[in-house]
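In what follows, a structure is listed as structure tokens, so that the remarks can point back to it.
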Amino acid sequence: MATQRIDKLLASTGRWSRQEAKALIKAGRVLVDGIPAGRGEQKADPSVSRILVDGADLGWQAHTYVMLNKPAGVLTATEDQRQKTVLDLLPEDLRRRGLFPVGRLDKDTEGLLLLTDDGELAHRLLSPKKHVDKVYYARLDQPLAPADCAAFAEGVVLADGARCRPALLQLLGDGREALITLWEGKFHQVKRMTASRGAAVVYLKRLSMGPLALDKALTPGSFRYLTAEEVAKIGGIP
Ligand code: URA
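Here the sequence shown is numbered in the numbering used here, starting from 845 and rising by one per residue.
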């Protein structure tokens, strides 16, 4: 990890604004390896130096990873002039960290959404070459049948002629509910795939993305940090 300005470092935790960080430093409340930081411009490497604020370890982490149970009615975006976004569901200190959603869920789709400031990880998880699986639970207005499972396995052709990669359709109950596993991410893909088989999605929820599963304890709209184990599983940097 390279050295960084101390005020920037403090601000990157999301706990203080740059101005607040500068004020803490000026007041002598920030120690770098036991020595009060002189000015905001002073640099330090947080992976090497011990940085204390009011005696408490900065607890610096290279990246932040948050699991959100996205509720319906919220946009997967970092900001919007008129509509509520997934970032609006996070507290101020997290919003300041520059988190962004990894992939997109439609406004009316619920479920697992990973937010991070780790661009490399996001790229890896979304890259079509990496074949990361995404599992959705869908409720449909019409039942699907075993013939539709075979069509999904072969690769559904959408209304616009685009061919999907083979996908897994697992019917539940009478076929009006299903688990759908995709290894790619086209726009409105689940909805367009079921529509091509004559059934409209009436409810959609993402349950997992690669090795990361939605925590059942998270109610729609709530979030938690990934555990160290989860970060390791998805290949992040704690
Ligand atoms: N497929 C969809 O149709 N919508 C989503 O939000 C995700 C996958």
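Beta carbons: idealized from backbone N, C-alpha and C, even for Gly.
Starting from the C-beta of Ile869, find all residues in its chain whose C-beta is less than 7 Å away, skip the five residues before and the five after it, and write them out in chain order.
Walking along the sequence shown from the start, residue 869 turns up at place 25. Contacts found: Ile850, Asp851, Ala881, Arg883 and Gly884.
So, under 8 Å CB-CB, Gln1033 and Cys993 are touching, yes? Tell me the CB distance rounded to an integer number of Å.
In the sequence shown, the residue the question calls residue 1033 occupies position 189. In the sequence shown, the residue the question calls residue 993 occupies position 149. Not confirmed; about 17 Å, so no contact.
Closer than 8 Å is the cut-off here; do at least three beta carbon pairs connect the region 951–962 with the region 1008–1022?
Contact between the region 951–962 and the region 1008–1022 is not established, with fewer than three Cβ pairs separated by less than 8 Å.
Are the beta-carbon atoms of Pro1064 and Pro890 separated by less than 8 Å?
In the sequence shown, residue 1064 corresponds to position 220, counting from 1. In the sequence shown, residue 890 corresponds to position 46, counting from 1. Cβ atoms of Pro1064 and Pro890: not closer than 8 Å.
DSSP three-state label for Ile1024, please.
Position 180 of the sequence shown, counted from the start, is the residue given in the question as residue 1024. Three-state DSSP puts Ile1024 in a strand.
Exposure label - Gly858; buried when at least 16 CB within 10 Å:
In the sequence shown, the residue the question calls residue 858 occupies position 14. So Gly858 ends up on the buried side.
Sequence-ordered residues whose beta carbon comes within less than 5 Å of a heavy atom of the ligand URA:
That query returns the following residues: Leu949, Asp950, Thr953, His1032, Gln1033, Val1034 and Lys1035.
Looking at C-alpha atoms only, which residue of Asp901, Arg940, Asp877 and Gln927 is the closest neighbour of Arg862?
Counting from one through the sequence shown, the residue named residue 862 turns up at place 18. Looking at the Cα atoms, Arg940 is the closest of the given residues.
Could you tell me which of Ile1078, Ala1072 and Lys1077 sits nearest to Ala905, measuring between CA atoms?
As a working mapping, residue 905 is identified with position 61 in the sequence shown. Reading off the sequence, residue 905 comes out as Gln, not Ala. Measuring from the Cα of Gln905, the nearest candidate turns out to be Ala1072.
State the DSSP-derived secondary structure class of Thr1038, mapped to helix, strand or coil.
The residue given as residue 1038 occupies position 194 in the sequence shown. In this structure, Thr1038 counts as helix in the three-state DSSP scheme.
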